[in-house]
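Numbering (this note's numbering), first residue to last: 2 to 255.
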Amino acid sequence: MSTNSTGSPHTPGAQDAQAFPYGSDPRPAGAQPPVASAPRKSKGLAIATVIGAALSVVLLVVTIVLVVGARSRNEEARNLDTQASQLEQQAVDIKAQKVCDAITRDNRSTVASLFRAYPDAHDDIANAMQRLCADKYKTAKAVTQVSPADDGIFSYDSIKCVLDESTMTVSMSATVSVATNDAFGSIDSVDVWVETGFRDKESPLTPLTYSEVTATPTTVAVGSSGTVSATLPYDPSYGTMCIARVNSWWPTGQ
């Protein structure tokens, strides 16, 4: 037996109760304290996590598909609009080309009504004509604006009639003047077809009793005058007044 530092009896190897206030440590001397194990994960939580991740991927894919689809539809709509515009323009061009083809010297008597019905009434056709047949468009516009019946532009002088009783024909001659006018534009010379004939009264409102339109036009420079000649059959019932007036006109050289 030995004594401790306080003089109290001490048995070797005995545990000091004060060193373990909560009871004695049953572990062998030198043993390490046990390591606390990690808590076990819940299977339900793991499944929910997987499902949430899968839904996120699905939503992402759906979003991408919707965005791509929307862009595709917008592009398709733009393409359809473009195609529709092109078809409309093609239709306008077809109409405009038909009008262009109809504007000819031989059709001069109907050009004014044609111009009023199409380019003058429809800006899209007018624009197309100026692109497809600019010269014809200008000609038709001038022919429409300068009426053959306009006495301020077309005037007549020195009308002479000579009757040949042996053949009962009348030789007629007249001077036709063409005044300058802004409506002619760049046209500096015109060919005029003149109607010559008779009436039995002096009034210009009196209809002609007989008339013919010259087959060959007379060329007159704008701002100048030219002489028209014609030979007509005659009957006393036609009256004694000889008449000459422009029936139609067209730019020289066109």
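Think of the CB as a built atom: it goes at the ideal place given N, C-alpha and C, for glycine as much as any other residue.
Exercise. In the DSSP assignment, what residue or residues form a beta bridge with I48?
Worked result: Position 47 of the sequence shown holds residue 48. Looking at the DSSP output, I48 shares a beta bridge with no other residue.
Exercise. By how many angstroms is the C-alpha of S230 removed from the C-alpha of Q87?
Worked result: In the sequence shown, counting from the first residue as 1, residue 87 sits at position 86. In the sequence shown, counting from the first residue as 1, residue 230 sits at position 229. S230 has its alpha-carbon roughly 53 Å from the corresponding atom of Q87.
Exercise. Since V247 sits in a beta bridge, which residues does DSSP pair it with?
Worked result: As a first step, residue 247 is located in the sequence shown; it is residue number 246 there, counting from the start. Note: V247 sits in a beta bridge opposite V195.
Exercise. So S110 is in the beta strand (DSSP E); what residue range does that whole segment cover?
Worked result: Translated into positions along the sequence shown, residue 110 becomes position 109. Run containing S110: none in the beta strand (DSSP E); it sits in the alpha helix (DSSP H), R109 to A118.
Exercise. Can you name the start and end residues of the beta strand (DSSP E) that V163 belongs to?
Worked result: Position 162 of the sequence shown, counting from 1, holds the residue named residue 163. Membership of V163 in the beta strand (DSSP E) is indicated by the continuous run F155 to D165.
For this session: Mark S57 as exposed unless 16 or more other C-beta atoms lie within 10 angstroms of its C-beta, in which case mark it buried.
Result: As a position in the sequence shown, residue 57 is number 56, starting the count at 1. Counting Cβ neighbours within 10 Å, S57 comes out exposed, since fewer than 16 surround it.
For this session: Can you grab the Cα-Cα spacing for the pair S159 / T241, in whole Å?
Result: Against the sequence shown, residue 159 aligns to sequence position 158. Against the sequence shown, residue 241 aligns to sequence position 240. Each residue's Cα considered, the two are about 16 Å apart.
Problem set entry | L133: first and last residue of the uninterrupted alpha helix (DSSP H) it sits in | The sequence position of residue 133 within the sequence shown is 132, counting from 1. Note, L133: alpha helix (DSSP H), D124 to L133.
For this session: With distances taken Cα to Cα, identify the nearest neighbour of M173 among Q255, V59, T197 and L115.
Result: Reading the sequence shown from its first residue, position 172 is the one you call residue 173. It is T197.
Exercise. Okay, do the segment 143-158 and the segment 169-185 touch, 3+ Cβ pairs below 8 Å being the bar?
Worked result: yes
Exercise. Leaving out the 5 sequence neighbours to the left and right, which residues in its chain are closer than 6 Å to T215 when beta-carbon positions are compared?
Worked result: Translated into positions along the sequence shown, residue 215 becomes position 214. Excluding positions up to five away in sequence, the list reads W194, V195 and A231.
Exercise. Tell me which same chain residues have a C-beta within less than 6 Å of the C-beta of T207, skipping the five on either side of it?
Worked result: By one-based count along the sequence shown, residue 207 stands at place 206. These residues qualify, in order along the chain: R200.
Exercise. Straight-line CA distance for A113 to P252?
Worked result: Along the sequence shown, read from residue 1 onward, the residue named residue 113 stands at position 112. Along the sequence shown, read from residue 1 onward, the residue named residue 252 stands at position 251. Cα-Cα distance, rounded: 14 Å.
Exercise. Just how far apart, CA to CA, sit D107 and D121?
Worked result: Taking the sequence shown and counting its residues from 1, the one referred to as residue 107 is at position 106. Taking the sequence shown and counting its residues from 1, the one referred to as residue 121 is at position 120. Straight-line Cα distance between these residues: approximately 21 Å.
For this session: Have a look at Y119 and K202 and give me their C-alpha separation to the nearest angstrom.
Result: Along the sequence shown, read from residue 1 onward, the residue named residue 119 stands at position 118. Along the sequence shown, read from residue 1 onward, the residue named residue 202 stands at position 201. In a straight line, the C-alpha of Y119 is about 40 Å away from that of K202.
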